[in-house]
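Presented below is the structure to which this report refers.
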Amino acid sequence: MNDRLARGWDEAAEGYEAYFVPRFAPWVGTAVDALSGRRLPDGPILVPCCGTFPELDALADAWPGREIVGIDLSAGMVRLARERAARHPSARVVQGDASTVDAGSCAALVSVFGLQQLPEPAVAIGSWVAALRRGGLLSVVFWPGDIEGDGPFALLSTVLRTHVPRSDRAWERRIAAAVTARGAVIELDETVAHPMSHPDAAAFFDAFTRSGPLRPLVGAPFFDTVRAEFLQRAPAGGAGSGDWSHRPRARHLVVSAQLP
41 MNDRLARGWD
51 EAAEGYEAYF
61 VPRFAPWVGT
71 AVDALSGRRL
81 PDGPILVPCC
91 GTFPELDALA
101 DAWPGREIVG
111 IDLSAGMVRL
121 ARERAARHPS
131 ARVVQGDAST
141 VDAGSCAALV
151 SVFGLQQLPE
161 PAVAIGSWVA
171 ALRRGGLLSV
181 VFWPGDIEGD
191 GPFALLSTVL
201 RTHVPRSDRA
211 WERRIAAAVT
221 ARGAVIELDE
231 TVAHPMSHPD
241 AAAFFDAFTR
251 SGPLRPLVGA
261 PFFDTVRAEF
271 LQRAPAGGAG
281 SGDWSHRPRA
291 RHLVVSAQLP
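Everything in the sequence shown is counted per the numbering used here, starting at 41 for the first residue and increasing by one.
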């Protein structure tokens with residue numbers, strides 16, 4: 041599972057950086073801003089599932105001189121992340137499984153849109169909380185199952201249901217318990233929506249399936265059928281329809297460690 045996931049992101053890395061990193065920037069700001077003005081214990085700031093490391097510039101500005109470590113399984117993502125980290129002497133990138141982090145190894149942990157892609161998100165966030173030193177903070181943003189009622193994400197999910205079983209989202213209900221079981225306190229559990237836009241339906245579909253989490257489906261026998269149905273059902277018929285704007289909702293957790 042991990043190898044297949046990593047290979048998909050290897051192939052998607054360049055496109056992800058170009059298309060999605062600018063569009064996801066407001067949520068990166070949400071995650072990083074949650075640490076602003078807070079006192080942290082000694083130790084690095086970890087960014088599991090860092091992708092191309094878009095969190096780095098803001099974290100380095102807010103915490104000059106603090107070691108910042110990105111972790112990602114994909115070699116393609118790590119290559120781009122290391123290019124970004126080269127501008128920051130206190131930053132480094134590790135290729136590895138971000139699901140498990142060493143206990144007591146960091147002052148803070150920030151992750152944006154990585155948690156929901158892991159095989160066992162509730163287990164992973166438990167490991168992330170355990171990685172915090174006493175007084176440390178975790179700020180995690182992830183896509184929930186109810187990301188939007190309409191818009192391109194919702195439409196694509198509807199079209200795919202005929203061909204791909206709905207993923208099990210029961211882990212979302214276990215997140216809070218996974219955090220508190222580690223002796224940590226949930227300071228904030230909120231929904232954060234930001235505007236996002238796409239040139240047209242075709243641009244969104246092609247980016248999401250070639251430079252996003254659905255990359256493994258590109259070679260599926262039903263792929264062309266799904267694309268055609270998506271464009272047919274999209275506003276104004278999809279391709280060439282003009283800017284498609286929406287406000288997807290993410291879930292944001294801020295957790296403080298109260299461990300002995």
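Each residue gets a CB set at the ideal place from its N, CA and C atoms; glycine is no exception.
Within the chosen definition, does the region 162-171 reach the region 137-144 through at least 3 CB pairs nearer than 8 Å? Segments in contact, yes.
Extent of the continuous alpha helix (DSSP H) run through T231: Counting from one through the sequence shown, the residue named residue 231 turns up at place 191. Where T231 is concerned, there is no enclosing alpha helix (DSSP H), although the beta strand (DSSP E) it sits in stretches over 224-233.
Does S167 come out as helix, strand or coil in the three-state DSSP assignment? If you number the sequence shown from 1, residue 167 lands on position 127. It is helical.
Could you name the residues of the same chain whose beta carbon sits closer than 8 Å to that of R255, not counting the 5 residues immediately before and after it, in chain order? One-based indexing of the sequence shown puts residue 255 at position 215. The answer, listed in chain order, is G48, W49, E51, A52, T249.
Locate the beta strand (DSSP E) running through Q272, then write down its first and last residues. Counting from 1 along the sequence shown, the entry for residue 272 is found at position 232. From DSSP, Q272 is part of no beta strand (DSSP E) but of the alpha helix (DSSP H) over 263-273.
When you compare only the Cα positions, how much space is there between L271 and G223? Translated into the one-based positions of the sequence shown, residue 271 becomes position 231. Translated into the one-based positions of the sequence shown, residue 223 becomes position 183. Looking at the two C-alpha atoms, the distance is approximately 48 Å.
What span of residues does the alpha helix (DSSP H) with L96 cover, start to end? As a first step, residue 96 is located in the sequence shown; it is residue number 56 there, counting from the start. Looking at the DSSP string, the run of the alpha helix (DSSP H) that includes L96 is 96-102.
On the three-state DSSP scale, how would you describe D186? As a first step, residue 186 is located in the sequence shown; it is residue number 146 there, counting from the start. Reduced to three states, the DSSP call for D186 is coil.
Hey, quick one: how far does the alpha helix (DSSP H) through L120 stretch, first residue to last? As a working note, residue 120 is residue 80 in the sequence shown. DSSP places L120 in the uninterrupted alpha helix (DSSP H) bounded by 115-125.
Nearest-angstrom Cα separation, counted from R63 out to V295: By 1-based counting over the sequence shown, the position of residue 295 is 255. By 1-based counting over the sequence shown, the position of residue 63 is 23. Going from the Cα of V295 to the Cα of R63 covers about 25 Å.
Is it the case that the region 184-204 contacts the region 97-114, given that we only count it when at least three CB pairs across the two stretches are under 8 Å? As far as the Cβ criterion goes, the region 97-114 does not touch the region 184-204, which means the pair count is below three.
What are the uninterrupted segments assigned as alpha helix (DSSP H) that are 4 or more residues long and contained completely in the region 57-96, given in chain order? Listed in chain order, they are 61-73.
Between which two residues does the beta strand (DSSP E) harbouring V204 extend? In the sequence shown, the residue the question calls residue 204 occupies position 164. Counting along the chain, V204 falls outside any beta strand (DSSP E), and DSSP gives it neither H nor E.
Pairwise C-alpha distance: S285 and G252: In the sequence shown, the residue the question calls residue 252 occupies position 212. In the sequence shown, the residue the question calls residue 285 occupies position 245. About 18 Å.
Spatial neighbours of S305 in its chain, beta-carbon cut-off 7 Å, leaving aside the 5 residues before and after: The structure shown does not extend to residue 305, since the chain is modelled only from 41 through 300, so no value can be given for it.
According to DSSP, Q135 sits in a beta bridge with which residue or residues? Here residue 135 corresponds to residue number 95 of the sequence shown, with the count starting at 1. Looking at the DSSP output, Q135 shares a beta bridge with D112.
Which residues in the same chain as R209 place their Cβ atom closer than 8 Å to its Cβ, once the five residues preceding and following it in sequence are excluded? Working through the sequence shown from its first residue, we reach residue 209 at position 169. Non-local C-beta neighbours of R209 in its own chain, meaning closer than 8 Å and more than five positions away in sequence, comprise P184, G185, ordered along the chain.
Proximal residues to S237 (C-beta, below 7 Å), its chain only, five neighbours per side dropped: Within the sequence shown, numbered from 1, the residue matching residue 237 stands at position 197. Around S237: D283, W284, S285.
Going by the DSSP bridge assignment, what does S284 pair with across the sheet? Within the sequence shown, the letter at position 244 stands for residue 284. Before going on, a small fix: residue 284 reads as Trp here, not Ser. Beta-bridge annotation (DSSP): W284 is paired with H238.
T198: buried (16+ other C-beta within 10 angstroms of its C-beta) or exposed? For the purposes of this step, residue 198 is taken as the residue at position 158 of the sequence shown. It counts as exposed.
Ignore the nearest five residues each way along the sequence and tell me which others in V163's own chain have a CB closer than 8 Å to its CB. By one-based count along the sequence shown, residue 163 stands at place 123. Counting only Cβ-Cβ distances below 8 Å, and skipping sequence neighbours, we find S139, A218.
Which residue wins for smallest C-alpha separation from T92, given the options P159, P239, E227, A65? Stepping through the sequence shown from its first residue, residue 92 is reached at position 52. Distance from the Cα of T92 is smallest, within the candidate group P159, P239, E227, A65, for A65.
Helix, strand or coil, according to DSSP, for S197 in the structure here? Against the sequence shown, residue 197 aligns to sequence position 157. Secondary structure of S197 (DSSP, three-state): helix.
DSSP has R289 in a bridge; who is on the other side? As a position in the sequence shown, residue 289 is number 249, starting the count at 1. Looking at the DSSP output, R289 bridges to A233.
Please state whether DSSP places V141 in a helix, a strand or coil. Stepping through the sequence shown from its first residue, residue 141 is reached at position 101. Correct three-state label for V141: coil.
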